[in-house]
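J.: Just dropping this structure here.
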Amino acid sequence: MDELLLTDTVTLLSADIEDSARLWQSQPTEFTAALVKLNRTLADAVSDLAGVRAVEQGSGESFVVAFGRAEDAVQCALQLQQAPLAPIRLCIGIHTGEAQPRDDGNYVGPTIDRTARLRDLARGGQTLLSAATRDIVIDQLPEQAWLTDRGSAPLRDLIHFERVAQLCHPNLRNEFPPLCVTKSVGASNLPVHLTSFVGRGRELADVHGLVVENRLVTLIGSGGVGKSRLAEQVGAQLTTQFSDGVRYVDLGSITDPAVAPIAIARALGLPDQPGRSAMDTLLHHLSDRQMLILVDNCEHLLDANAPRLGAMLLDCPGLRLLVTSREPIKVTGEVTWRVPPMAVNDAIALFADRARLAQPDFALTDANAEIVSQICVRLDTQPLGIELAAARVRTLSLAEISAGLDDKIRLLTGGARTAVPRQQTLRASLEWSHGLLSDSERVLFRRLAVFVGGFDLEAAQAVTGFGEVNPHDVLGDLSQLVDKSLVVADSSNGRTRYRRFEGVGQLALEKLREAGEAETARARHCDHYAALADPLEQPGRPDYELLLERVEGELENLRAASAWLLETADGDSALALASRLQPLWLVRGRIGEGRAWFDAVLAGVNTLEVSAAVRARALADAAVLMMFVDAAASLDHAAQALATARELDDPALLVRALTACGLTASFSHHTEAVGQYFAEATDLARQSDDQWGLSRILSWQSNAAVVAGDAVAAHRIGSEGRDLADAIGDRFNSRLCRLSLGYAQLWQGDLTGAIRQFGELADAENLAALSAKGLGDALAYRGDVNAARTAAEAALENAPASSEYTLGLGYSTVALAALAGGDIETARNASDLAWHKLSVQPHAATFWHSFKAQIALAGGNVTGARHCAGEAASVTTGWHRCLALTTRARVAMAEGEPELAERAAYDALTCAADVGAHTCLPDILECLGALAAEQGSHREAARLLGAAEGIRQRMGAVRFKIYDAGQQKSVAALRAAMGDDEFDSAWAHGAAFSAEEAIGYLQRGRSERKRASSGWAALTRAELDVVRLVGQGLSNKDIAQRLFVSPRTVQTHLTHVYTKLGFNSRVQLAQQAAQHPENHFIRK
């Protein structure tokens, strides 16, 4: 380093080499050369961008560079990541903050620490930015670069989470696995305070001891006595005592009791889980965790919260709760502790500390100690009143502060005496503080009452800047309110956010109502935050992900806006707001809260003025959110939306309704309708040249094709959707389409392509679990059982802990890998786990019946296999039905029903041909080969078995080990019956068949003779099967179970039989079936 380090506000770049120790051992020559190149590249970049490199900051090959401009740090990172430095891959973190040089060559303090922790989250080749840096550079990024939000993550050894953005560029690798977060004891999300905690040593010890000894401790006391701050300080002391950390949730802004569990779940980082209530998600997540949850401001929701908190304690043995409330919760096991006023000496120390913040040269001396003590005593040593009084030392003398308090207290105590003395003195201190504000400060103070959970300067200007308040003057008055401890300013995340000081909200609201401004202020607040959601309708914006983050951060204010719309009976605007937030509900995992918003308005739609178009859009959006939990209601909502859209002849609304209908129908197995809905939606989107809408439709349609098991459609639609999404920069829908393509390739027999496709998606954070599941399935069919198990473990590891269905998919791959390897016990256990978790979404879980049938059959449970195969065949389609029918054929063979087996196998063949499910084909051919061998058609049997083997080899697939014994038995029997030469000839003939040729060969051979229109010769194979079983005295329900069809299908066959034979009763049919000379058709 040849320059002094930069000081004041700087942007630090901290970088390290991924796996440097391994590179030294495995590639010492290449690594040494790459290090030389790295140092040269770094030196050039630092020089060009006016950076300063610290001497040796870190360990190993890590380095730190300081920049005066954040955009230069980002440019440096981009140059380093683009440089040809193989085998070196850099992990880079960038953060902006106040620099604290330790000496001329090194930094110390929180800024360098946070930068290093941020770097530790990165993977090789990845550059991560803190929220502070992101906000500075968002509009000054290098050409073609963009930022992607990577969510909030805990930084090693630091209590609070950091919002992280990733630097992306077309020339960089942009898809990475989840951030390198190491679970650390003591993680928490406790609020950040800009002031120190003073005194309360005895209280801290007492509450600390109570929490250690009891599972529910409630701190009670009046407002302003310091309950929240005391609880937070105790929580901070206990972070290392709980392996899963301490979590904080503030219920003060929650007005709807139903939202409280959602708020707690959010504080724990849990997304909404389709098919499960927020309370169930909480109980599941906390069931095996050692955690302390601090629930703040609980008093207004006691009736609803008491049973919930009780259930959490009952079902989660490692959980402890520290609650603040103005009265007890009244839950079994609760220990209540009333927070007392501060001790006089502590109160004096608090006054002195806060006074120094307002007036840095303030000092507590022998001369002023007595009057400070008097002020504290006059305020009953309550922290809130003391802080408000101390904030005045900048403009008033201590004597003036004391006199002002005396006057206000006399005024209050001379009037109504309904409040206890302590509450009267607190109110007096608040009124006194308010009275000392300037006129413009008073106006701003009361208008800020409409904000919930905080606000930024832009919002304050937009909402409060009316009448006598000029928006340009708001900052000055807001700064004064901060100085006077009525508003708190927090810049810890690089962007200043304000909130009212705790305890003054009620006073502000009363003043607002007294001034007659409540309706105007709330309406302006509603307008501002409703407008904030408008850009969510523009997915092509380069800052769209950051916009989603900002909107999510204002959710409390958005809730307040929605509440105002409902209070004023503005149903149109309330529904429109819920619909505009649809990307938030879907992308941010807030599906349950989104449903609650729609339900709240739709429930009162008959009493609200709601336009048809707005209601229809809301129904379509709500249908998408509901499809995971209530398929019937979801379809009904979508159908209503579609009907209205057609009546209004609104193309955009029609596309949205059709898309909702297609998606919801796919989850309910209405396959034909799905295609019709999506076809019309895509046509309309093309006509209007809505490329972003078309990209979304195609991704959902390709996903619907996967749900339907249609490999041909999934490949066709997924390819088109991928190409379109790539062209317009729609990364999310591009990845969804690629996922669909992976499954299409798997089912079509392109195992190599599927493995490559799923492998490329492994770094996509939001699809990591699903892509690992697909990869494991493909590897299982290729016979790489160990690799399939590894992929299944990755699927489980990447599945969100709260997503039961995604965990179920992971366990399904564990079961499939075990099945492929012949480990029936493991397969059965994993299958049970998979089914238990998949069942949270019953319609989407039906595909697993096919695999349950295979596992049951492999374990000798023929009855169970028949039931599962029949269940799957009756409700699934495509690939899933093909698997079910193939297993049904194996079951019928095991039960000595060759005709049923042949029919099921040919049905599976037809299904495989229709949807391109060629990976199923070898198993179907082996079933038909075994059946042919039993019927004495030896050459045909050898040909079919050879075809199965040849197709498998060309796919790179293997037979599951559970079927090896049966195939080997068939081959041995055929060789013995035919002789080696004839067998080998027939085998080779079949082995030369392609998949298409094998399908054509079988379908031509089975083409039936032209039937008569009446009489026994007119009956189809299916009708003959039904007649045979009627002759055995079986009911329609029993016949349906034997033939794996529905009772309605059996009745349809019987109606056709009666017509063709001229019968009019079941008894007549049964008698004639036994006596008719063509009975051999039925019995064979």
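Each residue of the sequence shown is one higher than the one before, starting from 1 at the first, in the UniProt record's numbering.
Note that CB positions come from ideal geometry on N, CA and C, so glycine has one too.
Taking the straight line between their C-alpha atoms, what separation do you get for Ala652 and Tyr811?
T.: Their Cα atoms are separated by approximately 40 Å.
J.: Please give me, in chain order, every unbroken run of the alpha helix (DSSP H) with length at least 4 that falls completely inside the region 351 to 385.
T.: Listed in chain order, they are 369 to 378.
J.: Work out the CA separation of Leu945 and Ser937 for me, nearest whole Å.
T.: When rounded, the distance between both Cα atoms is 12 Å.
J.: Can you look up Gly58 in the DSSP assignment and give me helix, strand or coil?
T.: With a pLDDT of only 48 at Gly58, under the threshold of 50, the placement of this residue in the model should not be trusted; the figure read from the coordinates follows. In the structure shown, Gly58 sits in coil (DSSP, three-state: anything other than H, G, I, E or B).
J.: Roughly how many angstroms separate the alpha carbons of Ala441 and Val474, rounded to a whole number?
T.: Looking at the sequence provided, one finds Glu at residue 441 rather than Ala. Spanning the two alpha carbons is a distance of roughly 9 Å.
J.: Go ahead and label Lys1037 buried or exposed: buried means 16 or more other beta carbons lie within 10 angstroms of its beta carbon, across all protein chains shown.
T.: Burial call: exposed.
J.: Just grab the DSSP bridge partners of Arg92 for me.
T.: The residue asked about is misnamed: residue 92 is Ile in this sequence, not Arg. For Ile92, which the question treats as bridged, DSSP gives the partners Ala15 and Thr127.
J.: Please identify the residue among Arg497, Leu584 and Lys837 whose C-alpha is closest to the C-alpha of residue 1162.
T.: Beyond the ends of the chain as shown, which are 1 and 1084, falls residue 1162; an answer cannot be given.
J.: Can you list the alpha helix (DSSP H) stretches of 4 or more residues lying completely in the region 608 to 640, in chain order?
T.: Listed in chain order, they are 612 to 626.
J.: Suppose the cutoff is 6 Å on Cβ atoms and the five residues either side in sequence are ignored; what does the same chain contact list for Gly916 look like?
T.: Once the five neighbours on either side are set aside, the close Cβ partners of Gly916 are Ala711, Val712 and Gln748.
J.: Candidates Phe455, Val452 and Val487: which alpha carbon is nearest Leu437's?
T.: Nearest C-alpha to Leu437: Val487.
J.: On the DSSP letters alone, give me the boundaries of the alpha helix (DSSP H) that Ser734 sits inside.
T.: Per DSSP, Ser734 belongs to the alpha helix (DSSP H) from Arg731 to Gln748.
J.: Do you know offhand how far Ser579's Cα is from Ala633's?
T.: Between Ser579 and Ala633, the C-alpha separation is close to 18 Å.
J.: Which residues bound the alpha helix (DSSP H) around Tyr811?
T.: From DSSP, the alpha helix (DSSP H) with Tyr811 extends over Glu804 to Gly821.
J.: When DSSP labels each residue in this structure, what does Ala499 get in the three-state scheme?
T.: A quick correction: the sequence has Arg, not Ala, at residue 499. Strand at Arg499.
J.: Can you give the Cα-Cα distance for Glu334 and Asn214, rounded to whole angstroms?
T.: Roughly 8 Å separates the two Cα atoms.
J.: With distance defined between alpha-carbon atoms, name the residue in Leu555, Gly516, Glu545 and Arg541 nearest to Cys526.
T.: Selected option, being the one with the closest Cα: Leu555.
J.: Measuring only the C-alpha atoms, how far is Gln374 from Ser397?
T.: Going by the C-alpha atoms only, they are around 14 Å apart.
J.: What is the residue span of the alpha helix (DSSP H) that Arg828 lies within?
T.: Here the alpha helix (DSSP H) through Arg828 covers Ile824 to Leu838.
J.: Taking the alpha carbon of Ser702 as the point to measure from, which residue in Ala725, Ala972 and Leu684 has its own alpha carbon closest?
T.: It is Ala725.
J.: Run through DSSP, which three-state label would Glu567 get?
T.: Three-state DSSP puts Glu567 in a helix.
J.: Quick check on DSSP: helix, strand or coil for Ala957?
T.: Coil at Ala957, not helix or strand.
J.: Does the ligand MN have even one heavy atom less than 7 Å from the beta-carbon of Leu481?
T.: This structure lacks the ligand MN, and indeed carries no ligand of any kind.
J.: Going by DSSP in three states, Ala533 sits in which element: helix, strand or coil?
T.: In this structure, Ala533 counts as coil in the three-state DSSP scheme.
J.: Quick one: what does DSSP say Ala43 is sitting in, helix, strand or coil?
T.: Three-state DSSP puts Ala43 in a helix.
J.: Please report the straight-line C-alpha distance between Leu974 and Arg939, rounded to a whole angstrom.
T.: Distance between the alpha carbons of Leu974 and Arg939: 8 Å.
J.: How do the region 1023 to 1034 and the region 966 to 982 stand: do at least 3 beta-carbon pairs fall below 8 Å, yes or no?
T.: No, because fewer than three Cβ pairs between the region 1023 to 1034 and the region 966 to 982 fall closer than 8 Å, the two stretches do not touch.
J.: Hey, how far is the Cα of Asn470 from the Cα of Glu387?
T.: Distance between the alpha carbons of Asn470 and Glu387 is about 29 Å.
J.: Inspect the beta-carbon positions of Leu90 and Leu216 and report whether they are closer than 8 Å.
T.: Result no, Cβ atoms of Leu90 and Leu216 do not sit closer than 8 Å.
J.: For Arg163, list the residues DSSP reports as bridge partners.
T.: Answer by DSSP bridge pairing, in chain order: Ser152.
J.: Could you name the residues of the same chain whose beta carbon sits closer than 7 Å to that of Ala913, not counting the 5 residues immediately before and after it, in chain order?
T.: Counting only Cβ-Cβ distances below 7 Å, and skipping sequence neighbours, we find Ile999.
J.: So Tyr781 is in the alpha helix (DSSP H); what residue range does that whole segment cover?
T.: Looking at the DSSP string, the run of the alpha helix (DSSP H) that includes Tyr781 is Ala768 to Arg782.
J.: What is the residue span of the alpha helix (DSSP H) that Thr255 lies within?
T.: Taken as a continuous stretch (DSSP letters only), Thr255 belongs to no alpha helix (DSSP H), as it is neither H nor E.
J.: Can you have a look at Glu593 and say buried or exposed, based on whether 16 or more other CB atoms are within 10 angstroms of its CB?
T.: With 16 or more other Cβ atoms within 10 Å, it is buried.
J.: Here's the rule I'm using: 16 or more other beta-carbon atoms within 10 Å means buried, otherwise exposed. How should His472 be labelled?
T.: Exposed, because fewer than 16 other Cβ atoms sit within 10 Å of the Cβ of His472.
J.: Using the C-alpha atoms, what's the distance from Pro383 back to Arg422?
T.: For Arg422, the predicted structure reports a pLDDT of 44, less than 50, and the residue's modelled location is therefore unreliable. The matter cannot be settled from this model.
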